[in-house]
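Chemist: Heads up, the sequence shown is in numbering that gives the first Met the number 0, so the first residue is 0 and it goes up one at a time. Got a structure for you, questions after.
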Amino acid sequence: MQLSWYSIIPPIVILLMATFSKKIIPSIIAGCIIACLLTTDFDIFEAAKLLFVRSHISAGTLMLFGFVFFVGIIIALINATGGATAFANLITKRIRSARQVESTSFLMAFILFIDDYLSTVTMGYVLQPLTDKFRIPRAKLAFLIHSLGSPVVVMAPISSWIAIITNQLEAAGVSNNPIFAPKFLADQFFVFLKTIPFLLYSILIITSAWIIVRFKLSFGPMAKQEIIASETGNVFGGKSPHKIAHHETQKKSSIWDLFIPIITLVAGVFIGIPYTGGFWLFGGNNSLVQAFTKCPDIGPILFTSSLIALILGLIFGLWQKKVHFYSWPSLIKEGYNLMFSAILIVFTAGILGSILKNDLHTGQYLSYLLEPILNISFLPATLFLVSFLISLSIGTAWGTLAILIPIAIQMLSQMMGITGAIDLNQAILLCPTLGAVLSGAIAGNQISPISDTTFLTVACTGVYRNDHINTQLWYALPAIIFAFLGFLIMPSVLIYSFWKGMLLTTGFSIGLCVITLFILNRFFKNYK
């Protein structure tokens, strides 16, 4: 199919449907069907055939689905045994001040890095009594939980986000397997690891939250909430309290109920990658970095590690008599319910990405349109802004990644003039570009009033939704603005030194963000 404006119709349809219907999966499916019809000139039988071909699932992708499913069961198991609550209770025993309560949220978030659902639910229910005791407004608790949920999880090497990111990278043309005709010859997981330092928004919002807590900064609507809580004890900004249900957990829960499956999962992955990549300690000839780059497929490693982690967690739960054989079906059902939509998004997003790349060439068309007016050095900043606006509109980071990663990677390869596959070291802007898309998706999702994470945070903290949106916006805006500025100047610096340029840009963005927070604290502390 020749480059045509038809190629941008499916993403636009998905964006409009998701914005108005608030349902991302039917929107992506509709986009896939329309894309197939456009590709085949509206020949229904050929379109159905194309959809079937693009729906083919490789063994590695199937194992990624299995990994996501097992992670869901692990989360259900941890909730059932009370492992996360036991850990939270352990670290909250010595808390003596409001700042210690707020600081505890950071430790909990980094321990519960495997999934933002687990992190949000656990911190919300566990920290409520402590924040109420020390007169910390629920809006402040909601801000901390929301800022330390997805932004932390997306930076973790192993999390429930791995599937959507690596699967979309493969569909977009990033692979070390020549059979996929990649534009960038590299392992998707290694590309993601190399992208982590470029997740500017996550870095800035986590840093902002830490600065706000450690230096007791308070400004904007949050300052008013904190004054009311401090003077009256009303942690709802003067409004009547929201009553929310609390989950019952095991009375004799242990931190090992949490640590055994998580440590097993992480250890399995970080042993499996060097082993399959030919690390010299396992009889190969490669260094550790080379082993990571030469890992043939991350799917089987994630699948096997998560399965072993689940089995060991179940065995420990049976031994401690916290779970029983008859409770396994309910755990499986809960894990299925938790991750079914995630698996469906990954599956449909993979189909969409493959069609946009191989059939409609949407990224190439947009590159053709924008190349005369958009310098490639501005691509990361532009994609950050587009990703942010899409995520803000449709309320889902994963849906945003499904739409934008295939387009972004194809635009980059086209603007670089790539005709064949090139090595990762030759693609200086690949990781910053991916980091920009991920950062924008996280930022838009966090401040979106209709996002899944917003509703989950509100449900788990009991805060009024409008209060959370209004108070959080003031604290998140500096991180959003300076993440955009960082991506704007980053390409110009990276050409001189990749890692030094990254550190310089990140440091510059952090510095400006922190200074802005102190300025806002100085001039907007007495907000009315």
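A virtual CB, placed ideally from N, CA and C, is assigned to each residue, including glycine. These numbers were taken from a predicted model, which means no experiment stands behind them.
1) Would you say K182 and A420 are within 8 Å of each other, going by their C-beta atoms?
2) Does the Cβ of R137 have 16 or more other Cβ atoms within 10 Å, making it buried, or fewer, making it exposed?
3) Let me know the secondary structure DSSP gives I421 once reduced to three states.
4) For a test of the three-state rule: what should DSSP assign to N284, helix, strand or coil?
5) Going by beta-carbon coordinates alone, are A478 and I204 separated by less than 8 Å?
6) What residues are listed by DSSP as bridge partners for V173?
7) Which residue or residues does DSSP assign as beta-bridge partners of F278?
8) Taking the alpha-carbon positions, what's the A407 to L369 distance?
9) To the nearest angstrom, how far is it from the Cα of H246 to the Cα of T84?
10) With distances taken Cα to Cα, identify the nearest neighbour of V436 among T381, F346 and Y474.
11) When DSSP labels each residue in this structure, what does E370 get in the three-state scheme?
12) Would DSSP call D114 helix, strand or coil?
13) Count the other CB atoms, across all protein chains shown, that sit within 10 Å of the CB of H323; report buried if there are 16 or more and exposed otherwise.
14) Specify the secondary structure class of P5 as computed by DSSP and reduced to three states.
15) At what residue ranges does the segment 413-477 contain a whole run of the alpha helix (DSSP H), taking only runs of 4 or more?
16) Near M410, what residues of its chain come up, given a Cβ to Cβ distance below 6 Å and the 5 sequence neighbours on each side ignored?
17) For H360, which three-state DSSP category applies?
18) Determine the direct distance from the alpha carbon of Q127 to that of A244, and round the result to whole angstroms.
19) From the DSSP output, in three-state form, read off N78 for me.
20) Applying the criterion that 16 or more other CB atoms from any shown protein chain within 10 Å of the CB defines a buried residue, is P273 buried or exposed?
21) Please confirm whether F66 and L257 have their CB atoms less than 8 Å apart.
22) For the candidate residues T121, S54 and F523, whose alpha-carbon lies nearest to that of N166?
23) Under the three-state reduction of DSSP, which class applies to Q167: helix, strand or coil?
24) In whole angstroms, what separates the C-alpha of K499 from that of M154?
25) If you reduce the DSSP assignment to three classes, tell me which class H145 lands in.
26) From P328 to L50, what distance separates their C-alpha atoms?
27) In whole angstroms, what is the alpha-carbon distance linking S376 and T18?
28) Can you confirm whether the segment 434-450 touches the segment 104-119 when touching is taken to mean that 3 or more C-beta pairs between the two stretches lie within less than 8 Å?
29) Excluding the 5 residues flanking L503 on each side, which residues of the same chain have their C-beta closer than 8 Å to its C-beta?
30) Hey, how far is the Cα of V151 from the Cα of C512?
31) What's the call for D296, buried or exposed, on a 16-neighbour Cβ count within 10 Å?
32) Going by beta carbon distance, what residues of the same chain come within less than 6 Å of Q471, once the five residues before and after it are set aside?
33) Classify G148: buried if its beta carbon has 16 or more other beta carbons within 10 angstroms, exposed otherwise.
34) If you draw a straight line from the alpha carbon of L301 to that of L63, how long is it in whole angstroms?
35) So what does DSSP say about Y495, is it helix, strand or coil?
36) Ignoring anything shorter than 4 residues or poking outside the segment 11-55, list the alpha helix (DSSP H) runs there in chain order.
Modeler: This is what the structure gives:
1) In this structure, A420 lies closer than 8 Å to K182 by Cβ.
2) So R137 ends up on the buried side.
3) I421 carries a strand assignment under DSSP once its states are collapsed to helix, strand and coil.
4) Three-state result, N284: coil.
5) For A478 and I204, yes; Cβs fall inside 8 Å.
6) Answer by DSSP bridge pairing, in chain order: F183.
7) DSSP lists N285 as partners of F278.
8) The C-alpha of A407 lies about 12 Å from the C-alpha of L369.
9) Confidence at H246 is low in this model, with a pLDDT of 49, below 50, so its placement is unreliable and no value can be given for it.
10) For V436, the closest C-alpha among the options T381, F346 and Y474 is that of T381.
11) Residue state, collapsed to three classes: coil.
12) Residue state, collapsed to three classes: coil.
13) Exposed, because fewer than 16 other Cβ atoms sit within 10 Å of the Cβ of H323.
14) According to the sequence displayed, residue 5 carries Tyr and not Pro. DSSP places Y5 in helix when its eight states are reduced to three.
15) Inside the segment 413-477, DSSP marks whole alpha helix (DSSP H) runs of 4 or more residues at positions 429-446 and 451-460, from first to last along the chain.
16) Answer for M410: G362, L365 and S366, listed in chain order.
17) The answer is coil: DSSP assigns H360 none of H, G, I, E or B.
18) Residue confidence is low: A244 scores 48 on pLDDT, short of 50, so the model does not pin down where it sits. Its coordinate-derived value is still stated next. Looking at the two C-alpha atoms, the distance is approximately 12 Å.
19) Look at N78 here: in three-state DSSP terms it is helix.
20) P273 comes out buried.
21) It is not a contact, given that the beta carbons lie outside the stated cut-off.
22) Closest by C-alpha distance to N166, out of T121, S54 and F523, is S54.
23) Helix at Q167.
24) C-alpha separation (whole angstroms): 20 Å.
25) Note: H145 maps to helix in three-state DSSP.
26) Straight-line Cα distance between these residues: approximately 34 Å.
27) When rounded, the distance between both Cα atoms is 30 Å.
28) Contact between the segment 104-119 and the segment 434-450 is absent: fewer than 3 CB-CB pairs across the two stretches fall below 8 Å.
29) Same-chain partners within the cutoff: V492.
30) Distance between the alpha carbons of V151 and C512: 18 Å.
31) Answer is buried; the Cβ neighbour count reaches 16.
32) Correct list, in chain order: F142.
33) With 16 or more other Cβ atoms from the protein chains shown falling within 10 Å of its own Cβ, G148 counts as buried.
34) A direct Cα-to-Cα measurement between L301 and L63 gives close to 7 Å.
35) Residue state, collapsed to three classes: coil.
36) Taken in chain order, the complete alpha helix (DSSP H) segments of 4 residues or longer contained in the segment 11-55 are 23-38 and 43-53.
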